[in-house]
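As structure tokens, the structure follows; a few thoughts come after it.
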Amino acid sequence: MAEFDIDRFAVIADIHGNADALRAVLTDIAAQELRSVINLGDHLSGPLAASEVAQILMARDFVAVRGNHDRWLLEQTPAEMGASDRLAYEQLAPDALDWLRALPPVAWVGEDIFLCHAMPEDDNSYWLERVTAAGEIVLRDRSEIAAAAEGIEASLILCAHTHVPRRVDLPDGRVILNPGSVGCPGFDDDLPVPHVVQAGTAAACYAVVERREAGWMSSFRHVPYDPMRMAALAREAGRNEWAAAVASGWIGGA
0 MAEFDIDRFA VIADIHGNAD ALRAVLTDIA AQELRSVINL GDHLSGPLAA SEVAQILMAR
60 DFVAVRGNHD RWLLEQTPAE MGASDRLAYE QLAPDALDWL RALPPVAWVG EDIFLCHAMP
120 EDDNSYWLER VTAAGEIVLR DRSEIAAAAE GIEASLILCA HTHVPRRVDL PDGRVILNPG
180 SVGCPGFDDD LPVPHVVQAG TAAACYAVVE RREAGWMSSF RHVPYDPMRM AALAREAGRN
240 EWAAAVASGW IGGA
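Structure below.
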């Protein structure tokens with residue numbers, strides 16, 4: 000692995016098989032002269048171009064962790080998988096699954112940057128947001144966010160999973176940052192109650208992080224690209240809700 004620049008880097012997450020969004024983000028990362036990338040998981044699952052994304056990522060030496068959908072691709076049989084995981088699994092060669100299998104659930108970069116997919120001990124729970132009984136996505140109470148970070152002695156904590164770009168500063172100065180989603184700007188879920196997450200934009204999202212004397216500086220970059228090929232793949236797979244989300248950033252379409 001090439002030497003990681005711990006003072007300035009990109010953070011990507013939740014690609015979900017969207018090869019064209021990933022290519023757009025990687026082009027923008029290069030234009031920003033960022034030579035180090037952290038990838039927070041859920042790389043391949045989705046009715047899009049899982050094999051293409053696997054080939055792109057395996058050719059690079061990004062620091063990466065495994066997401067919940069990555070784990071399900073490894074732990075479940077095709078018959079047990081949800082539709083998005085199964086459609087991705089059918090595209091994947093053994094070397095792609097081996098690459099996923101080698102990824103850790105959490106990781107450190109140096110002694111000051113901690114990364115996980117969702118929460119430190121749970122890859123399938125929202126950290127910075129909670130779902131209300133009415134199915135609304137709202138910012139979680141700061142005390143609850145801080146409680147989940149107890150014992151993590153890192154000034155920068157990176158998480159993903161909700162596809163929502165967000166930064167939370169804890170009272171002790173630690174920063175928790177979610178870079179948003181590269182390739183899946185909208186989804187729905189039944190747990191804990193039915194709810195919808197939608198970005199309202201089809202742009203591919205990632206974060207740029209830079210260490211400054213006063214603390215961590217961060218920004219979110221929304222990169223426009225043509226999502227029509229990915230939306231067509233979703234429709235061909237019978238996943239119209241994915242097609243709408245990829246094309247517009249809204250589950251119901253534009």
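At position 74 of the sequence shown the residue is numbered 73 (numbering that gives the first Met the number 0), and the sequence of numbers has no breaks.
Virtual Cβ for every residue (Gly too), placed ideally from N, Cα, C.
When the options are compared against residue i, the one with the closest alpha-carbon
i: Leu72; options: Met57, Trp98 and Ile55; result: Trp98
i: Gly179; options: Glu128, Pro226 and Glu212; result: Glu128
i: Ala12; options: Pro164, Glu235 and Gly214; result: Pro164
i: Leu155; options: Ile55, Asp69, Val108 and Ala244; result: Val108
i: Ser218; options: Ala48, Glu2, Val10 and Asn67; result: Val10
i: Phe61; options: Arg34, Val192 and Ala206; result: Arg34
i: Asp84; options: Asp140, Arg238, Thr131 and Asp94; result: Arg238
i: Gly214; options: Ala153, Arg100 and Pro193; result: Ala153
i: Ser142; options: Trp126, Ile136, Ala95 and Phe3; result: Trp126
i: Val280; options: Val207, Ala233 and Asp140; result: Since the first and last residues shown for the chain are 0 and 253, residue 280 lies out of range.
i: Val130; options: Asp188, Glu110, Val181 and Gln75; result: Asp188
i: Val196; options: Gly134, Gln75 and Phe3; result: Gly134
i: His221; options: Asp4, Phe8, Leu21 and Glu2; result: Leu21
i: Ala58; options: Asp94, His68, Arg211 and Tyr205; result: Asp94
i: Val105; options: Thr76, Ile37 and Leu96; result: Ile37
i: Gln31; options: Ala206, Met80 and Ala236; result: Ala206
Residue i, DSSP secondary structure in three states
i: Ile5; result: coil
i: Glu135; result: coil
i: Trp249; result: coil
i: Tyr125; result: coil
i: Ile55; result: helix
i: Arg85; result: helix
i: Ala147; result: helix
i: Ala243; result: helix
i: Ser180; result: coil
i: Arg220; result: strand
i: Glu79; result: coil
i: Arg238; result: coil
i: Arg166; result: strand
i: Ala106; result: strand
i: His49; result: As written in the sequence, residue 49 is Ala, which differs from the His given in the question. Note: Ala49 maps to helix in three-state DSSP.
Nearest-angstrom Cβ-Cβ length linking residue i and residue j, presumed shorter than 8 Å
i: Pro103; j: Val64; result: 6 Å
i: Leu114; j: Leu157; result: 4 Å
i: Asp27; j: Glu209; result: That pair is no contact at about 16 Å.
i: Ile175; j: Ile144; result: 7 Å
i: Ala87; j: Ala49; result: 4 Å
i: Cys183; j: His162; result: 6 Å
i: Leu25; j: Ala233; result: Not really, about 21 Å apart at Cβ, beyond 8 Å.
i: Trp249; j: Gly172; result: Wrong, their Cβ atoms sit about 36 Å apart, outside the cutoff.
i: Ala132; j: Val192; result: 6 Å
N- and C-terminal bounds of the alpha helix (DSSP H) containing residue i
i: His68; result: Asn67 to Glu74
i: Ile28; result: Ala18 to Ala30
i: Leu114; result: No alpha helix (DSSP H) contains Leu114, which is instead part of the beta strand (DSSP E) from Ile112 to Cys115.
i: Arg234; result: Met227 to Glu235
i: Arg100; result: Pro93 to Arg100
Bounding residues of the beta strand (DSSP E) (the contiguous stretch that carries residue i)
i: Leu176; result: Val174 to Asn177
i: Ala206; result: Ala203 to Arg211
i: Gln197; result: His194 to Gln197
i: Ile14; result: That residue, Ile14, is in no beta strand (DSSP E); it is neither H nor E in DSSP.
i: Asp187; result: Gly185 to Asp188
i: Val64; result: No beta strand (DSSP E) contains Val64, which DSSP labels as neither H nor E.
Heavy atom of the ligand GDP within 7 Å of residue i beta-carbon
i: Pro164; result: Absence of the ligand GDP is noted for the structure shown, with no ligands found whatsoever.
*Cβ contact check for the stretch 145 to 156 and the stretch 106 to 122: 3 or more pairs under 8 Å*: Contact annotation: the stretch 145 to 156 touches the stretch 106 to 122, with at least three C-beta pairs closer than 8 Å.
_For the structure I just gave you, are there three or more beta carbon pairs, one from the stretch 192 to 202 and one from the stretch 28 to 43, closer than 8 Å?_
At 8 Å Cβ cutoff, the stretches do not touch.
*Determine, using beta-carbon pairs with one atom in the stretch 14 to 29 and one in the stretch 215 to 226, whether at least three such pairs fall under 8 Å.*
Contact between the stretch 14 to 29 and the stretch 215 to 226 is present: three or more C-beta pairs spanning the two stretches fall below 8 Å.
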